[in-house]
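Counting in UniProt numbering, the sequence shown runs from 1 upward without gaps. The block underneath contains the structure these notes are about, expressed in C-alpha cells.
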Amino acid sequence: MRTYEIATIPGDGIGVDVTVEARKVLDAAAAQHGFALRWTEFDYSCERYSATGAMMPEDGVAKLAGFDSILLGAVGFPGVPDHVSLWGLLIPLRRAFSQYVNLRPVRLLPGTTSVLANRTADELEMVIVRENSEGEYSTLGGRHNAGQPGEFVLQESVFTRVGVERIIRYSFELARTRSKRVCSATKSNGIIHTMPFWDEIFELVAAEYADVAAEQCHIDALAARMVQHPDRLDVIVASNLFGDILSDLAAAVTGGLGMAPSGNINPERTHPSMFEAVHGSAPDIAGKGIANPVAQILAATMMLDHLGEVEAARSVNAAVEKVLEEGRVATPDLGGKATTEQLGTAIAEAL
Numbered sequence: 001m002r003t004y005e006i007a008t009i010p011g012d013g014i015g016v017d018v019t020v021e022a023r024k025v026l027d028a029a030a031a032q033h034g035f036a037l038r039w040t041e042f043d044y045s046c047e048r049y050s051a052t053g054a055m056m057p058e059d060g061v062a063k064l065a066g067f068d069s070i071l072l073g074a075v076g077f078p079g080v081p082d083h084v085s086l087w088g089l090l091i092p093l094r095r096a097f098s099q100y101v102n103l104r105p106v107r108l109l110p111g112t113t114s115v116l117a118n119r120t121a122d123e124l125e126m127v128i129v130r131e132n133s134e135g136e137y138s139t140l141g142g143r144h145n146a147g148q149p150g151e152f153v154l155q156e157s158v159f160t161r162v163g164v165e166r167i168i169r170y171s172f173e174l175a176r177t178r179s180k181r182v183c184s185a186t187k188s189n190g191i192i193h194t195m196p197f198w199d200e201i202f203e204l205v206a207a208e209y210a211d212v213a214a215e216q217c218h219i220d221a222l223a224a225r226m227v228q229h230p231d232r233l234d235v236i237v238a239s240n241l242f243g244d245i246l247s248d249l250a251a252a253v254t255g256g257l258g259m260a261p262s263g264n265i266n267p268e269r270t271h272p273s274m275f276e277a278v279h280g281s282a283p284d285i286a287g288k289g290i291a292n293p294v295a296q297i298l299a300a301t302m303m304l305d306h307l308g309e310v311e312a313a314r315s316v317n318a319a320v321e322k323v324l325e326e327g328r329v330a331t332p333d334l335g336g337k338a339t340t341e342q343l344g345t346a347i348a349e350a351l
C-alpha cells in the first residue's frame, strides 16, 4: 500500500478544530483509494510561543524536512503580535523549503453565494499565483532615531531575476492547463525600480508562450476588474504583497475566506510543500464547534493532488460540492446550524 508521511501543524484557534475534520476526510479518501496517510503532529503555535518564547524549536525545520507534505492550521492568537507568529513559523518554513509558489485557487462553490450580484459559478473561478519567497516581504531595512522628531523607517523589497522569472513561468505553464490566459499584476507607473523589472521579465517569458494570451494590469485597476468583470480573469501572477492582497479579495467575491484553500508549493519537489486554509485562527469562536472546515478540507485536497493522488482529490472535491449543494448540513456561516464536526463527517460520508 502507498503510504505518505504527513506532518500536521494544527496551530491556534480554529486551526485545531478544522484540521481534525480535514484529517478525517482525507483518511476516508485514502481508505477508498488504496493508500495510507501516516500523520505526525507538531505543536508549533502561538501557544508554544507563550510557553517557550519560540513558535517552533531550533530544529523545527529539520524535523519537518523528511515528510512528504505538511498540513498547516491557522496560526495567531491574542497577545502574540502577528509579525512574531508569521516570521517565527510560516515564512521560515516557506523559505527553508523553497516553497516559492503560493497557489490560491478561488471559485464559487455550490450552495454558496457571492457578494457580487447575478454572478454564476463559471464567472467566478480563477487562480492567484503569488510569489512566495521574496519581494516586498523582506527583513532588509530598519527603524532609525526612534522616538525622535526625525524618526524614520526603511523597508526594502528584494526582487531577483531568478525569483521573478520562475514564478512567471509557473503561471504560464499553469495557464496552458486552463484557459491559456495570464494577467500580471504590476504598478510600474508608481514603483520605479521593482515593477518595471517585473514587467520586463514578464514580457520576456510571455514571448516564449505564443499560445497563451498575456496582459499586464496595474494592481488598482486589477482589483476593480476582479469585482466588476471577474469573468475576464483566470490565472493571475503577482508579487508577494500584491498576490496576498488580490487572493483575499478574490476569496471575498467567491464566497468568503472560509471557503478558500492555498498551497505553498515547491515545484521541484526537493522539499515538502505545505497546504493551509486562507482564513485566520478566529480565536473568538475556537472550540465552539461552529467553524467552517471546508477551506481546510480543500487545502488538504490540494495536498492529495500534489502527492499524485489525483482521483482521491477529485472525489473529495466532489463530496464537498455535493454536501454544500444539498445544504442539509451547513455551519452557521453558511446559513445552517451544523457543527464543525457534523460538516466534516457529512463530507467524509459523501465520498
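Backbone N, C-alpha and C fix where the C-beta goes; we use that ideal spot for every residue, glycine too.
So who's on the other strand from residue i, going by DSSP bridges?
i	result
residue 418	Because the chain here runs from 1 to 351, residue 418 falls outside it and cannot be looked at.
residue 144	152
residue 213	181
residue 275	71, 263
residue 186	218
residue 235	127, 182
residue 9	72
Measure how close the beta-carbons of residue i and residue j come, nearest whole angstrom, since I'm counting them as under 8 Å.
i	j	result
residue 353	residue 295	This structure cannot speak to residue 353, because the chain is shown only from 1 to 351.
residue 141	residue 159	Actually they do not touch by this definition, with Cβ atoms about 15 Å apart.
residue 255	residue 116	Wrong, their Cβ atoms sit about 10 Å apart, outside the cutoff.
residue 212	residue 175	5 Å
residue 262	residue 299	6 Å
residue 104	residue 260	7 Å
residue 283	residue 81	Rounded, the Cβ-Cβ distance is 14 Å, inconsistent with contact.
residue 47	residue 17	Contact doesn't hold; Cβ gap of about 14 Å is too wide.
Going by DSSP in three states, residue i sits in which element: helix, strand or coil?
i	result
residue 314	helix
residue 240	helix
residue 52	helix
residue 178	coil
residue 42	coil
residue 158	strand
residue 330	coil
residue 191	coil
residue 285	coil
residue 57	coil
residue 290	coil
residue 24	helix
residue 225	helix
residue 270	coil
residue 337	coil
residue 301	helix
residue 47	helix
residue 15	helix
residue 321	helix
residue 208	coil
residue 309	coil
residue 350	coil
residue 295	helix
residue 66	coil
Candidates the options: which alpha carbon is nearest residue i's?
i	options	result
residue 60	43, 73, 47, 50	43
residue 4	347, 305, 86, 177	305
residue 286	10, 8, 347, 14	14
residue 53	195, 291, 89	89
residue 2	33, 11, 24, 20	33
residue 202	228, 162, 143	162
residue 219	211, 172, 195, 212	195
residue 332	340, 75, 261	340
residue 133	102, 338, 320	102
residue 118	57, 229, 146, 18	229
residue 182	168, 303, 281	168
residue 205	172, 192, 222, 237	172
residue 264	223, 50, 252, 96	96
residue 75	64, 68, 66, 56	56
residue 10	125, 258, 280, 208	280
residue 243	288, 131, 149, 154	131
residue 114	238, 29, 240, 257	257
residue 350	139, 215, 322, 329	322
residue 189	139, 8, 166, 217	217
residue 126	234, 84, 71	234
residue 99	170, 41, 111, 45	170
Using beta carbons (cut-off 8 Å, strictly below), is residue i in contact with chain D?
i	result
residue 10	Looking at the structure shown, chain D is missing, and only one protein chain is on hand.
TODO: Pick out the complete beta strand (DSSP E) segments inside the stretch 76 to 141, 3 residues or longer, and give them in chain order.
DONE: 101 to 107, 125 to 131
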